[in-house]
Amino acid sequence: MFPVVSDRALLELARTEGGPDTLALLTRDQDTRRLLLLRAVLDAAEAADPSVCTRGQKARLRADWALLTEADRAAAVGARTAERRPGDLDRAGSRVVSPSGAQIRRVDRYGAPRPPAVAVPTTAPAAAAMPGNPVRARLFHPLTGPWARSCLRGLDARPGQASGERARRLRRDLAHFGAVAAVGAAASGVPFITRLTARAGILVLPSLGALHTVRPGDVPVDVTCTAGRLVLRQTDAPDVTVHLESGFGAWSGALAWTPAHALPPLVPGAPHLPFDDLDPYREPPGDSRHGNLRTPLALDDAEYKRWLQVWSGMAGALRSGGAQRLAEAATLLRCLIPLRTPSSAGAGRGSGSATRREAFGALLSSTPPDAPALAATLVHELQHAKLTALSDLVTLHRAGPEARYFAPWRPDPRPYDGLLQGTYAHLALAAYFQRRALRTASCDRDRAWAQHARYRAQVQAALPALVGSPDLTVRGRRFVDEMTACHERMAEPPAPRGHTARAQAYVQSARALWTRRHASALPPPNE
């Protein structure tokens, strides 16, 4: 089921590069894994004890998946034919999902009833990410991954354990799938009537926007979709009519509606990039890997304009470090999630960023000071995405999780996998800034050389531990050896001598400080 990574692709990725075929291989594999993850959610729900997942919740999941499957078929037909034949949509009809989710009845595009029919899917849609398919776009959206993982954690409860906060979280998780199905159906042109549930007074329709309900808490909202228009109805409040935009987003004249944001495409002909400040699954989990990068930012107009200003220079900033950097960003980046600037960054002096293994294609970032800073962030974080995706396909090492290695960019000991991830990302930054130094104007050249020298010195300090590990597999050794060769090729042309000396002194100081703090409590680190 999963593709084989050729030696050519492996070496391309070891150089922190990757041609179109190699990047496409990684994305197709991640998309296939996403569909398997969604299938696992459905299977886990069906197998769960009724005290964990009730009969009504199971029926609603089946109904939502049936609507999504129908929308996927409609989108596939639309992708194969430029224009749907008159009457096709009427004959297909739409689905009406009852509040309990136990029944599905047919209606035509105007809401007239059709004979009842229940469709229970047995398989996920095909894994191919068909261009222009809005259903696949929703299923492969990065934040669908954290949602599915949260569902699986909740469904893993033993009978009698699913109570209190855990039960409330699972109830919200399962209800969110109804919104995902509704968005996919609406974007595919499939009319429907369904009842969704707002979470804490907000109903998020992924990629479209969010409705703020009159009452707080978990509020039922009836949704009717016909001819590219949604009508959202709640008790004791005026109806809100939402009009779907072409491709992404939706607008409404109602103050209760907040439209989804998007950024212009990086390259001509590409779709707009979702700029997600609404999805309830955008917050990273509370673990030490993300530090204080746990506060999503709800954008106001001023903040959105700052992002647009920075983003307008992104294509040029990426291209200045090599056409490959722009190409990989256009291929791999699927959404950007704004975060509050961490206090450690300081006012105007930097930003924070992260990726999430379960959210392939997502970049989490606080507002960067300028386009070159965001470009460097993107180069750094996309290497993590590439190496994580490769690691799903190829076993590079069998090292354990013990944190024992020196990394010049971190004050704490790192496990082998963390050292490999960090070295790989810094190798890409060293290459990026070397090319930028050779191509940019004189005013930016000196800073680019300084950055290149620092990143290259950091990689040089970390490589011996990677190369010398007995835990590397055969393919892992080829990968690390090619990383080493890539690092050696950067010796020409060299950075100015002063930058190189300062970078080496920085690494030596970092090593000395790290050794005083940690060496006595650890086995011999990377020497």
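The numbering of the sequence shown is my numbering, which starts it at 112 and goes up by one. Ideal Cβ positions, reconstructed from N, Cα and C, are used throughout, including at glycine.
Mark residue i as exposed unless 16 or more other C-beta atoms lie within 10 angstroms of its C-beta, in which case mark it buried.
i    : result
D412 : exposed
C554 : exposed
T626 : exposed
K416 : exposed
F386 : buried
P302 : buried
D582 : exposed
F471 : buried
L366 : exposed
P512 : exposed
G427 : exposed
R628 : exposed
S476 : buried
R166 : exposed
E439 : buried
Note down the Cα distance separating residue i from residue j, rounded to an integer number of angstroms.
i    : j    : result
V325 : D350 : 11 Å
G312 : A616 : 55 Å
A510 : L531 : 11 Å
L419 : L410 : 12 Å
G295 : H495 : 29 Å
S318 : S162 : 33 Å
G129 : G275 : 47 Å
R247 : A298 : 11 Å
R144 : G256 : 10 Å
L136 : L504 : 10 Å
E181 : T452 : 42 Å
D390 : A632 : 43 Å
L266 : V421 : 42 Å
P114 : Q619 : 42 Å
T584 : A518 : 22 Å
DSSP three-state call for residue i: helix, strand or coil?
i    : result
A311 : coil
G320 : strand
P483 : helix
R195 : The predicted model places R195 with a pLDDT of 40, which falls under 50 and marks its position as unreliable, so this point remains unresolved.
T335 : strand
H495 : helix
A268 : coil
P575 : helix
P257 : helix
A510 : coil
Have a look at the DSSP bridge pairing and note the partners of residue i.
i    : result
Y516 : R525
P449 : S476
S464 : S476
R282 : In DSSP, R282 forms no bridge with anything.
W362 : H354
Do the CB positions of residue i and residue j come within less than 8 Å of each other?
i    : j    : result
T352 : S363 : yes
F590 : L507 : yes
L285 : L172 : yes
A541 : Y566 : yes
A309 : V291 : no
P270 : C446 : no
A564 : A606 : yes
T534 : A573 : yes
L149 : L250 : yes
T133 : L124 : yes
D140 : A500 : yes
P370 : G358 : no
Q562 : F544 : yes
T393 : I448 : Position check: residue 393 holds Arg in this sequence, whereas Thr was assumed. Yes, they are a contact pair.
S462 : P479 : yes
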